[in-house]
Amino acid sequence: MGYRQITAQTHHEYIIDQETQINTKVSWASTDAQRILFDSFAAGKLPENHREEQWFVSSVFNTRPTKQHSLALGAELSYDTFGLASRAYSALSPNSFVLGEMSEWSTYNAALFSEHQWQVSDKLNQFIGARLDKNEYTGYMWSPRLAWVYTMDEQQTCLLYTSDAADDLLC
Numbered sequence: 002m003g004y005r006q007i008t009a010q011t012h013h014e015y016i017i018d019q020e021t022q023i024n025t026k027v028s029w030a031s032t033d034a035q036r037i038l039f040d041s042f043a044a045g046k047l048p049e050n051h052r053e054e055q056w057f058v059s060s061v062f063n064t065r066p067t068k069q070h071s072l073a074l075g076a077e078l079s080y081d082t083f084g085l086a087s088r089a090y091s092a093l094s095p096n097s098f099v100l101g102e103m104s105e106w107s108t109y110n111a112a113l114f115s116e117h118q119w120q121v122s123d124k125l126n127q128f129i130g131a132r133l134d135k136n137e138y139t140g141y142m143w144s145p146r147l148a149w150v151y152t153m154d155e156q157q158t159c160l161l162y163t164s165d166a167a168d169d170l171l172c
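One point on numbering: in our numbering, the residue at position 158 of the sequence shown is 159, and numbering is uninterrupted.
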């Protein structure tokens, strides 16, 4: 089994004032993988090997208009390419144990999101957020979020309620 990844990233924070900033990020990643099983070199079988690459851009606007409230608004874009020949492990054509010989293909992903945090007291916080995702293979995916978090002390925190967890009390 082999796995190798290289990532290059740049980040910049634009400070508007003491309570407001915009964070931007651009990154590129390339991931090579190879998996050899006991029968990988049997007639008609190849070791699993492939590479994927991703370009990613994000921008997040953060503001804290009052001591108790903060807001984040953001956007993300990524462009992913799969089924590329592995540079690290094999000169063979891209292959998957599940899919067989792989053809190169790509997709884009886009997201818009927001989150509001309300510090109700020194120990209780409320988070309300939403995320909208889209790629070329799905419809729009909407993810509303709500959470109440209680901090008992520096080492203990309880998640009193969250809109996407099976249990309403996690400590």
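Even for Gly, the Cβ is constructed at its ideal location relative to N, Cα and C.
Classification of residue i by the beta-carbon crowding that lies within 10 angstroms, buried from 16 upward
| i | result |
| --- | --- |
| Arg88 | exposed |
| His51 | buried |
| Pro66 | exposed |
| Glu49 | buried |
| Gln157 | exposed |
| Asp1 | Only positions 2 to 172 of the chain appear in the structure, and residue 1 is not among them; the question remains open. |
| Met153 | exposed |
| Asp33 | buried |
| Gln69 | exposed |
| Gln35 | buried |
| Met2 | exposed |
| Met103 | buried |
Residue interval of the beta strand (DSSP E) (run including residue i)
| i | result |
| --- | --- |
| Tyr4 | Gly3 to Asp18 |
Same chain only: Cβ atoms within 6 angstroms of residue i, ignoring 5 sequence neighbours per side
| i | result |
| --- | --- |
| Ser144 | Arg132 |
Identity of the residues DSSP links to residue i by a beta bridge
| i | result |
| --- | --- |
| Tyr138 | Per DSSP, none; premise fails for Tyr138. |
| Gly84 | In DSSP, Gly84 forms no bridge with anything. |
| Glu77 | Ser59 and Ala112 |
| Leu133 | Leu113 and Trp143 |
* Asked: Where are the beta strand (DSSP E) runs, 3 residues long or more, that stay fully inside the segment 27-75, in chain order?
  -> 49-67
* **Secondary structure, beta strand (DSSP E): runs of 3+ residues fully inside the segment 87-123** => 106-120
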